[in-house]
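Input: a single structure, listed below in structure tokens.
Number of protein chains: 2
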Amino acid sequence: MTRRDPYHRGVTAGDLSSTACVVTGGLGFIGSNLSHRLVRHGANVTIIDALVDGHGGDRRNVEGLDVEIIEAEIGEPVVADAVADADVVFNLAGQVSHIASMHDPLGDLHLNTICHASFLEILRRVNPTVRVVHTSTRQVYGKPIRQPVDELHPTRPMDVNGVAKLAGEQLHLVYHSAYDMPTTSLRLTNVYGPRQRLSSDELGFLPVFIRKSLLGEEIHIFGDGAQRRDCVYVDDVVDALLASTAPEAIGMVLNVGHAVDHSLAEIAAAVIHATGSAGGLQLVPWPGDHQRIDIGSFHTDCTLIAESLGWKATTSLDDGLAATAIFYRSHPWYLSST
Amino acid sequence: MTRRDPYHRGVTAGDLSSTACVVTGGLGFIGSNLSHRLVRHGANVTIIDALVDGHGGDRRNVEGLDVEIIEAEIGEPVVADAVADADVVFNLAGQVSHIASMHDPLGDLHLNTICHASFLEILRRVNPTVRVVHTSTRQVYGKPIRQPVDELHPTRPMDVNGVAKLAGEQLHLVYHSAYDMPTTSLRLTNVYGPRQRLSSDELGFLPVFIRKSLLGEEIHIFGDGAQRRDCVYVDDVVDALLASTAPEAIGMVLNVGHAVDHSLAEIAAAVIHATGSAGGLQLVPWPGDHQRIDIGSFHTDCTLIAESLGWKATTSLDDGLAATAIFYRSHPWYLSST
């Protein structure tokens, strides 16, 4: 695939050469892909990442990249200096595991809500006009009562992670309405691609499917495999993050998903095809703790971001998985890292 | 007014004589009114209240009432013993000031979200089958995009208090869906009546209007007075809390408001009439910090709780305000207490 870098009405590749960008969670999956793109276009990038155990952050994700790294939680006072002169803050830091949020609800609320409240207070004090793009999750909707799910669909999360992420998202919008801070939040659906932590079974089904297939192991699908999801390649998400710096997006919550959805069985088959795995797939019964917080089928309605910012996901599942397989074949440490 | 104590399909007056009830925030406005009712019907009542400065809790609200009082935050370990043998927990503890939540966002998130997460973890550990009724607020909806506002209306709070209360509410529902804990949350609109803290200007317009009129002072209305609200008398809210212990309400979020709404100018006139105040009223410009977090007109749709539980508010604004004025005339300390 050739990336066209079409930032639409948001930051353009040309703009980036003179911008100071802060990426929180920048050592993680999406944050590191964003950082690579920003550096490629000449931005000055500062990464803030707490490297919380098991959350996907890894310095190797930005190995050789010319970025400054501050190892801290985003709510810590040390962060103030780093954000004081920033033009754009991409606020991606957070805990992403649904299961972990149930084992440690206070830990999830700390990382996804409280730290963001502290961070917004820091921004309000030292740099209240900085452009802020925050990443939320489609998990805030819970079990859909209609499909596809647009931004006005009720939010009734099924796990603590969804509750905490929604609160973090809403805090960003309150700081816009109450203080005119230029914030935007994106509700991301299932994202896959290079630099994702593959070794955990708790960060979503896509990294598990990809790891198993790359290792030639059998993919296990919970239930009957008929449940549907739309999956977005990480480069498309990076496009959405850049597009969302446009003035039109200020004060908005926008879904980021894919127009085409697939059943889990189809997704597993596509992963097996992309990786050439001999492991195959098997349907297995749901583990109880997963089933209780499962949301069933979900298809994202991305009309609002398309109409507001001109963004839509352009990478097909097959193309994205092919690029993903190539990346991990040449970066095998992702398969064994814990 | 004669209270009929019509608990519909929830706890009945007869049931209460053998129940152990915990009321968190029981020294506050709604909690103390609930505690009085519970004791009147023979329940054993334990109150947990942190008596946070300025939040409405006051031991005088339950003076002479046969209740046990534990002065603690609801997330503290000492609470475990108090809830271990409870039949019903009415979880009313929280911070209610919208303005205070903007001055101290972390304090509001602590009281309305984090403490409730800790409390739910305690309940899950020591008494996972206890019936829990939590109070949320119509503030979670933000500025209505349609009227009247039903429970499926999108939630986009305009202040930190709304964000934190919504997260607290959603945690209760997650503990139902994930752990089968029998929880319910009620979204209350503007409540008035006896035992409300009148001396603060930060706990809503109703206590301010009532205090000013009782003191013969002029009521100030922000803006043009055309903004509309539905107001509920506290005894009706106590009815709703008792009705919501019905099995039908488990796992539900229910609006609690009044079928009849009024403009702020009409409400002020009704307060002046009920109190016989000579102070009159005046329209004044909005203070900036209030206007930024204001939600405009709001009318609650209470169809769901009426159809599910048979509850509806039965006290008219005039009747409720008349009873309110009588109460405060005979309890004058409310007018001077800080």
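Chains as they are written, first to last, in our numbering: chain A, 2 to 339; chain L, 2 to 339.
Ideal placement from N, C-alpha and C gives every residue a C-beta, glycine not left out.
Looking at the backbone, the Cα of residue 160 of chain A and that of residue 102 of chain A are separated by about 7 Å. Around the Cβ of residue 31 of chain L, a 10 Å sphere holds 16 or more other Cβ atoms; the residue is buried. In the DSSP assignment, residue 299 of chain L falls outside any beta strand (DSSP E), carrying neither H nor E.
Contact between residue 113 of chain L and residue 165 of chain L holds: CB atoms are separated by about 4 Å, below the 8 Å threshold. The count of Cβ pairs closer than 8 Å, one atom from the region 118-132 of chain L and one from the region 75-85 of chain L, reaches three, so the stretches are in contact.
DSSP, read as helix, strand or coil, puts residue 259 of chain L in coil. Residue environment for residue 173 of chain L: buried (at least 16 other C-beta atoms within 10 angstroms of its C-beta). Interface residue (Cβ-Cβ distance to chain A less than 8 Å): residue 184 of chain L is not classified as such. Annotation for residue 268 of chain A: the continuous alpha helix (DSSP H) segment containing it runs 265-276. Under a criterion of Cβ atoms nearer than 7 Å, no residue of chain A is adjacent to residue 253 of chain L; the nearest Cβ is some 11 Å distant.
Within a 10 Å sphere around the beta-carbon of residue 96 of chain A sit 16 or more other beta-carbons, which makes this residue buried. Not a single CB atom of chain L sits nearer than 8 Å to the CB of residue 123 of chain A. Residues of chain L with a Cβ closer than 7 Å to the Cβ of residue 119 of chain A are, in chain order, 107. Under the three-state reduction of DSSP, residue 283 of chain L is assigned to strand. Under the Cβ distance rule, residue 17 of chain L does not count among the residues neighbouring chain A, no pair being separated by less than 8 Å. Here the region 254-268 of chain A makes contact with the region 174-190 of chain A; the two share three or more CB pairs at distances below 8 Å. Residue nearest to residue 228 of chain A within the set A/105, A/269, A/194 and A/234 is A/269 (criterion: CA-CA distance). In the three-state reduction of the DSSP assignment, residue 45 of chain A falls in the strand class, which pools E and B. Between residue 158 of chain A and residue 140 of chain A, the beta carbon gap of about 6 Å places them in contact (Cβ cut-off 8 Å). Ranked by Cα distance from residue 279 of chain A, the options A/238, A/328 and A/220 are led by A/220. Residue 275 of chain A has its alpha-carbon roughly 12 Å from the corresponding atom of residue 217 of chain A. In terms of Cβ geometry, residue 133 of chain A and residue 193 of chain A do not form a close pair [threshold 8 Å]. Between the region 51-64 of chain L and the region 24-42 of chain L, the count of C-beta pairs closer than 8 Å reaches three or more; the two stretches touch. For residue 187 of chain L, the uninterrupted beta strand (DSSP E) segment begins and ends at 184-189. Here residue 47 of chain L is buried, its C-beta having at least 16 other C-beta atoms within 10 Å. Among the CB atoms of chain A, none fall inside 8 Å of the CB of residue 228 of chain L. In chain L, no part has a C-beta under 9 Å from the C-beta of residue 250 of chain A; the shortest such distance is about 16 Å. Between residue 212 of chain L and residue 199 of chain L the beta-carbon gap is near 4 Å, inside 8 Å, which marks them as a contact.
Residues of chain A whose Cβ lies closer than 9 Å to the Cβ of residue 288 of chain L do not exist; the shortest such Cβ separation is about 13 Å.
The CB of residue 160 of chain L comes closer than 8 Å to the CB of 175 and 179 in chain A, given here in chain order. Put simply, the CB of residue 164 of chain A is near chain L, with a gap under 8 Å to one of its CB atoms. DSSP, reduced to helix, strand and coil, places residue 50 of chain A within a strand of the structure shown.
Between the beta-carbon of residue 265 of chain A and that of residue 230 of chain A there is about 7 Å, and that keeps the pair under the 8 Å contact cut.
The Cβ atoms of residue 131 of chain A and residue 88 of chain A lie closer than 8 Å to each other.
For residue 72 of chain L, the enclosing beta strand (DSSP E) has its first and last residue at 69-72. For residue 100 of chain L, no CB of chain A lies under 8 Å from its own CB, so it is not counted at the interface with that chain.
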